[in-house]
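There are 2 protein chains.
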Amino acid sequence: MSSNLGITSRSENYSEWYNELVLKADLADYSAVRGCMVIKPHGYGLWELMQRALDDMFKATGHVNAYFPLFIPKSFFEKEAEHVEGFAKECAVVTHHRLKPNPAGGLMPDPEAKLSEELIVRPTSETIIWNTYKDWIQSYRDLPLLINQWANVVRWELRTRLFLRTAEFLWQEGHTAHATFEEAETEALTILNECYTKFAEEYMAVPVIKGVKSEGEKFAGADHTYCIEAMTQDLRAIQAGTSHHLGQNFAKAFGVQFVNKENQLEYVYATSWGVSTRLIGTLIMAHSDDKGFVSPPKLSPIQVVFVPMGRDEATRERTVGASTTISDELKKAGIRVKTDLREKESPGFKYNYWEMRGIPIRVEVGPRDLDAGTVIVARRDTGDKETVALADAAGRIQTLLDQIQKDMFDRALEFRNANTKRVDTWEEFEQTFAGEGGAGFVLAHWDGTTETENVIAEMTKATIRCIPLTPLEPSDAEPGTCILTGKPSKCRVIFAKAY
Amino acid sequence: MSSNLGITSRSENYSEWYNELVLKADLADYSAVRGCMVIKPHGYGLWELMQRALDDMFKATGHVNAYFPLFIPKSFFEKEAEHVEGFAKECAVVTHHRLKPNPAGGLMPDPEAKLSEELIVRPTSETIIWNTYKDWIQSYRDLPLLINQWANVVRWELRTRLFLRTAEFLWQEGHTAHATFEEAETEALTILNECYTKFAEEYMAVPVIKGVKSEGEKFAGADHTYCIEAMTQDLRAIQAGTSHHLGQNFAKAFGVQFVNKENQLEYVYATSWGVSTRLIGTLIMAHSDDKGFVSPPKLSPIQVVFVPMGRDEATRERTVGASTTISDELKKAGIRVKTDLREKESPGFKYNYWEMRGIPIRVEVGPRDLDAGTVIVARRDTGDKETVALADAAGRIQTLLDQIQKDMFDRALEFRNANTKRVDTWEEFEQTFAGEGGAGFVLAHWDGTTETENVIAEMTKATIRCIPLTPLEPSDAEPGTCILTGKPSKCRVIFAKAY
Numbered sequence: 001m002s003s004n005l006g007i008t009s010r011s012e013n014y015s016e017w018y019n020e021l022v023l024k025a026d027l028a029d030y031s032a033v034r035g036c037m038v039i040k041p042h043g044y045g046l047w048e049l050m051q052r053a054l055d056d057m058f059k060a061t062g063h064v065n066a067y068f069p070l071f072i073p074k075s076f077f078e079k080e081a082e083h084v085e086g087f088a089k090e091c092a093v094v095t096h097h098r099l100k101p102n103p104a105g106g107l108m109p110d111p112e113a114k115l116s117e118e119l120i121v122r123p124t125s126e127t128i129i130w131n132t133y134k135d136w137i138q139s140y141r142d143l144p145l146l147i148n149q150w151a152n153v154v155r156w157e158l159r160t161r162l163f164l165r166t167a168e169f170l171w172q173e174g175h176t177a178h179a180t181f182e183e184a185e186t187e188a189l190t191i192l193n194e195c196y197t198k199f200a201e202e203y204m205a206v207p208v209i210k211g212v213k214s215e216g217e218k219f220a221g222a223d224h225t226y227c228i229e230a231m232t233q234d235l236r237a238i239q240a241g242t243s244h245h246l247g248q249n250f251a252k253a254f255g256v257q258f259v260n261k262e263n264q265l266e267y268v269y270a271t272s273w274g275v276s277t278r279l280i281g282t283l284i285m286a287h288s289d290d291k292g293f294v295s296p297p298k299l300s301p302i303q304v305v306f307v308p309m310g311r312d313e314a315t316r317e318r319t320v321g322a323s324t325t326i327s328d329e330l331k332k333a334g335i336r337v338k339t340d341l342r343e344k345e346s347p348g349f350k351y352n353y354w355e356m357r358g359i360p361i362r363v364e365v366g367p368r369d370l371d372a373g374t375v376i377v378a379r380r381d382t383g384d385k386e387t388v389a390l391a392d393a394a395g396r397i398q399t400l401l402d403q404i405q406k407d408m409f410d411r412a413l414e415f416r417n418a419n420t421k422r423v424d425t426w427e428e429f430e431q432t433f434a435g436e437g438g439a440g441f442v443l444a445h446w447d448g449t450t451e452t453e454n455v456i457a458e459m460t461k462a463t464i465r466c467i468p469l470t471p472l473e474p475s476d477a478e479p480g481t482c483i484l485t486g487k488p489s490k491c492r493v494i495f496a497k498a499y
Numbered sequence: 500m501s502s503n504l505g506i507t508s509r510s511e512n513y514s515e516w517y518n519e520l521v522l523k524a525d526l527a528d529y530s531a532v533r534g535c536m537v538i539k540p541h542g543y544g545l546w547e548l549m550q551r552a553l554d555d556m557f558k559a560t561g562h563v564n565a566y567f568p569l570f571i572p573k574s575f576f577e578k579e580a581e582h583v584e585g586f587a588k589e590c591a592v593v594t595h596h597r598l599k600p601n602p603a604g605g606l607m608p609d610p611e612a613k614l615s616e617e618l619i620v621r622p623t624s625e626t627i628i629w630n631t632y633k634d635w636i637q638s639y640r641d642l643p644l645l646i647n648q649w650a651n652v653v654r655w656e657l658r659t660r661l662f663l664r665t666a667e668f669l670w671q672e673g674h675t676a677h678a679t680f681e682e683a684e685t686e687a688l689t690i691l692n693e694c695y696t697k698f699a700e701e702y703m704a705v706p707v708i709k710g711v712k713s714e715g716e717k718f719a720g721a722d723h724t725y726c727i728e729a730m731t732q733d734l735r736a737i738q739a740g741t742s743h744h745l746g747q748n749f750a751k752a753f754g755v756q757f758v759n760k761e762n763q764l765e766y767v768y769a770t771s772w773g774v775s776t777r778l779i780g781t782l783i784m785a786h787s788d789d790k791g792f793v794s795p796p797k798l799s800p801i802q803v804v805f806v807p808m809g810r811d812e813a814t815r816e817r818t819v820g821a822s823t824t825i826s827d828e829l830k831k832a833g834i835r836v837k838t839d840l841r842e843k844e845s846p847g848f849k850y851n852y853w854e855m856r857g858i859p860i861r862v863e864v865g866p867r868d869l870d871a872g873t874v875i876v877a878r879r880d881t882g883d884k885e886t887v888a889l890a891d892a893a894g895r896i897q898t899l900l901d902q903i904q905k906d907m908f909d910r911a912l913e914f915r916n917a918n919t920k921r922v923d924t925w926e927e928f929e930q931t932f933a934g935e936g937g938a939g940f941v942l943a944h945w946d947g948t949t950e951t952e953n954v955i956a957e958m959t960k961a962t963i964r965c966i967p968l969t970p971l972e973p974s975d976a977e978p979g980t981c982i983l984t985g986k987p988s989k990c991r992v993i994f995a996k997a998y
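The listed protein sequences derive, respectively, from chains A and B. All residue numbers for the first sequence refer to the working numbering, where the first residue is 1 and numbers rise by one. All residue numbers for the second sequence refer to the working numbering, where the first residue is 500 and numbers rise by one.
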């Protein structure tokens, strides 16, 4: 049941809950262009904090940023056989470079301005980048090349959802070039471990499982794909980042060779890796509640909101004054604060308003509390309220922000663990995934073939999210027999219904 | 004369000098897509510093960032009459959303995936944004809306030049909404004064003249356009930023009305303003020399480069050690430093290499100087070298960085003043602009009509760059007679050949 202020509850309709939350929390909006979203200031502020944290990690691991063209010549997609299968289908195709007045009224593409070769709006940039690297790499001394780009990409998705699946989205894509397979392997894992996992767990407060994708789920054109997988509150898996070891595939497709230390020509090894605005969808799915968005403190554009009360000017002067004293101290400590000075809205309205937008801490500053030398500090994640002495408020709030960040991660981890199980019979497996909704993570044995993976997916809608790099329990790494075919299996893999 | 290391001199061929410099300084590269550039890491690092400084200024003046779609429905361009004239001509038109195998080989746009309405890759976003604002603005309480976006845009330019004029470029575009004409006017001027002028002069070290554009040169769809104009070393004008007061034009085109305090429906007032990667071209044109790029310290991705010398390991250990001591101290002070540890390249090669890339200060660390307890500190802008005691080095370098920033601005200002003159006869005016090249800024009287402006442009290639907001000399504000027609003129305006 949705009202002007509230949103549908998760239990009532999880999907509606998500859609309404994104709109009412001022994170994003639909646009006039099918499948494209508007990222509103509050949502974009979150994305800027994500970008800053990730960018710092990329730079700390030796990467630099650059920018490559938005357009990719059509023929480039024809060069890497697997890649064309994966990416040259649903995409935005530019065919003309001019509009002219239409005799029937309005404007039309000018037939005389038809491009000799169509341009594709990049769905990902491996092809245009490796075509460029060809000119930049001659010798082992030019390697490694460790470049990242922040950009928009377009994939013409048929069914779109704000943040989770949009025709245009924002992302970063790293594209690195290396002299050896081993070096590229180290790079792909460095990104997975030191950037993506760290970011998901320490900033988003979302626990993730690191793993390698099956052949069926890997990136089109990769040797192998690493990923991090998170769990949503409706018990589905959501991929939160991928890091691909591309082998020599793109170097061969674009003829990128280098003279190695032994003075021999060799093809370059590559990685690529990316995370996108989809992470905002992941964040919502992991933490939010029926009152709206719940943001981890590290990523909230506003970390603390002050609501000073009082109907008469003299009282407001007191409560605003007390708010300012505390907020100035917080600002000095680098905390992002906001004071809600709107005069026509009630405190109750303001509480709901900022709860919907996920602000981690609310400080209620009322005249009676001030008489007692205190304010009320409310946590968004738990709803807990406490009375804090004015002099202690700034310190207590900073401690609480750290505590909220930690508690959000711990709760998400507990939730994931409680919804992860091991299944050893096909009957139980089918039953587990029988309902419409998600069923958590299921660790089961699989014979390693794409054929079996496909049959399982058809029968249950559960797919292999990843083969964990580290077993969740030691026994997960022991061999067994495939849940469907009974053939030998090397280890348990994670099955789930996925976003 | 261009060699492997050097570039054509400015006096020999200014245009070639510029093109070679951009490539050899590792700022940008040509791409496989006509008119689109690759911004290389060194150039992108510069852009990131520009972004950071500008973004901080936008936020300090109350703005927030958001993101709007890349695509604009064709019909949106038909809604604002002047705007369609200006922007709906040379643009990238998306007509299909899928590729399919071509029976003749390769891929082709799928005729079954033709869009019912073509999409234009945004050349600027007024239309899609005002279509969105329609839903966001109902009451005066929703105003002002102070939003900026960092984005890529595409204008299908016929003649392109790296940074200066590319089919795709990166920029920021601010789009604000206000309740009154006066408030929008204040906004447009705040951006011009507190952001753009400040950025150009304090960061880029480029003096600019603030002015208003003539009707003929204003933004398509604006009420009036403010701009800042800089001078290049070949004596042309280059526009370094524009801030438009859009009046109610876009609000009317997209039906954006609000209920004002008097409870009446009224159309919203708008501004838009932008600067782009073209600023990098401006920067090069303002300061660089025949040895390559000269970057102002505040925008150089590397501010100080250390070149430790020595052929044997023991010597190198000493010189690298001394470099590290100084560079650690600089890093602590927030200075961006780099030590060139390449072993196979000579010091001379390295000097040229970093000079080409514009690094403001080079520190030469040689064994003999170390014996004397000193290093050599060389300025990129003047070529001056000085011997500095090891213990004083970090302090001296910081002072020098500030000095270089200041000196670069002062020299550019002196250059501009020396190449600005007042002309009062048509004969002298024609003669001034007779040559192929630029002729500096000419302050002359003009009768205020677009007709006269066009005739002057046809006859001399000189255009009105702006009507200065503040007279350069008090007499510039006095009335006179038009240089061409002899009709009355309110004040002198700036004529120049422009990029």
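Virtual Cβ for every residue (Gly too), placed ideally from N, Cα, C.
For this session: Could you spell out the range, first to last residue, of the beta strand (DSSP E) harbouring F575/B?
Result: Per DSSP, F575/B belongs to no beta strand (DSSP E) and is neither H nor E.
Exercise. What do you get for Q264/A, buried or exposed, if any count of 16 or more other CB atoms within 10 angstroms of its CB means buried?
Worked result: exposed
For this session: Express the C-alpha separation of Q431/A and K461/A in angstroms, rounding to a whole number.
Result: 12 Å
Problem set entry | Contacts that H96/A makes with chain B (C-beta to C-beta distance below 7 Å) | V592, T594
Exercise. When the cut-off is 9 Å and only beta carbons count, does V154/A lie next to chain B?
Worked result: yes
For this session: Using a Cβ cut-off of 9 Å (strictly closer), state whether F576/B contacts chain A.
Result: yes
Exercise. So is Y44/A in contact with chain B if we call contact Cβ pairs under 9 Å?
Worked result: yes
Exercise. Is the CB of D839/B under 9 Å away from at least one CB in chain A?
Worked result: no
Problem set entry | Within 9 Å, strictly: CB atoms of T463/A and K497/A | yes
Problem set entry | Spatial distance of C309/A from K331/A (CA atoms) | Correcting the residue identity first, residue 309/A is Met in this sequence and not Cys. Those two C-alpha atoms are separated by around 21 Å.
Exercise. Name the chain B residues that come within less than 9 Å of E29/A, Cβ to Cβ?
Worked result: Here residue 29/A is Asp; the residue named in the question, Glu, does not match the sequence. Ordered by position in chain B, the residues that pass the 9 Å Cβ test against D29/A are T631, D634, W635.
Exercise. Which runs of the alpha helix (DSSP H) fall wholly inside the region 743 to 803 of chain B and span at least 4 residues, in chain order?
Worked result: 748 to 753, 777 to 786
Problem set entry | D29/A: first and last residue of the uninterrupted beta strand (DSSP E) it sits in | 28 to 30
Problem set entry | M309/A - DSSP class collapsed to helix/strand/coil | coil
Exercise. Would L21/A count as contacting chain B if we go by Cβ distances under 9 Å?
Worked result: no
Exercise. At least one CB of chain A closer than 9 Å to the CB of L734/B: is that the case?
Worked result: no
For this session: Check whether the Cβ of A650/B lies closer than 9 Å to any Cβ atom in chain A.
Result: yes
For this session: Starting from the C-beta of E386/A, find all residues in its chain whose C-beta is less than 6 Å away, skip the five residues before and the five after it, and write them out in chain order.
Result: V377
Exercise. Is the region 761 to 780 of chain B in contact with the region 658 to 670 of chain B, if contact means three or more CB pairs nearer than 8 Å?
Worked result: yes
Problem set entry | Contacts that K539/B makes with chain A (C-beta to C-beta distance below 7 Å) | A66
Exercise. Does any residue of chain A bring its CB to less than 9 Å from the CB of M500/B?
Worked result: Caution is warranted here: a pLDDT of 40 is assigned to M500/B, below 50, making its placement in the model unreliable, and no coordinate value can be reported.
Exercise. Alpha carbon to alpha carbon, how far is K712/B from C694/B?
Worked result: 18 Å
Problem set entry | Chain-ordered neighbours of E118/A on chain B, where CB pairs are closer than 7 Å | P608
Exercise. Candidates W150/A, H287/A, L70/A: which alpha carbon is nearest M204/A's?
Worked result: H287/A
Problem set entry | DSSP-derived helix/strand/coil call for H96/A | strand
Problem set entry | The alpha helix (DSSP H) enclosing Q732/B, as first and last residue numbers | Counting along the chain, Q732/B falls outside any alpha helix (DSSP H), and DSSP gives it neither H nor E.
Exercise. Hey, out of R597/B, I636/B, W635/B, whose CA is closest to P123/A's CA?
Worked result: R597/B
Exercise. Is any beta-carbon of chain A found at less than 9 Å from that of M855/B?
Worked result: no
For this session: Look at the Cβ atom of D789/B, then the Cβ atom of I982/B, and state whether they are nearer than 9 Å.
Result: no
Exercise. Ordered along the chain, which non-local residues of its own chain (more than five positions away) have a Cβ less than 6 Å from that of I825/B?
Worked result: A892, A893
Problem set entry | Members of the region 274 to 285 of chain A near chain B, C-beta cut-off 9 Å | T277
Exercise. How many Å lie between G241/A and E20/A at the Cα?
Worked result: 25 Å
Exercise. Counting only beta-carbon atoms, is L507/A nearer than 9 Å to chain B?
Worked result: The question about residue 507/A has no answer here: the residues shown for chain A are numbered 1 through 499.
Exercise. Are the region 400 to 416 of chain A and the region 313 to 321 of chain A touching by the rule of at least three beta carbon pairs closer than 8 Å?
Worked result: no
For this session: Starting from the beta carbon of G605/B, find every residue of chain A whose beta carbon is closer than 8 Å, and list them in chain order.
Result: K74, S75, E78
Exercise. If you run the structure through DSSP and keep just helix, strand and coil, what is H541/B?
Worked result: helix
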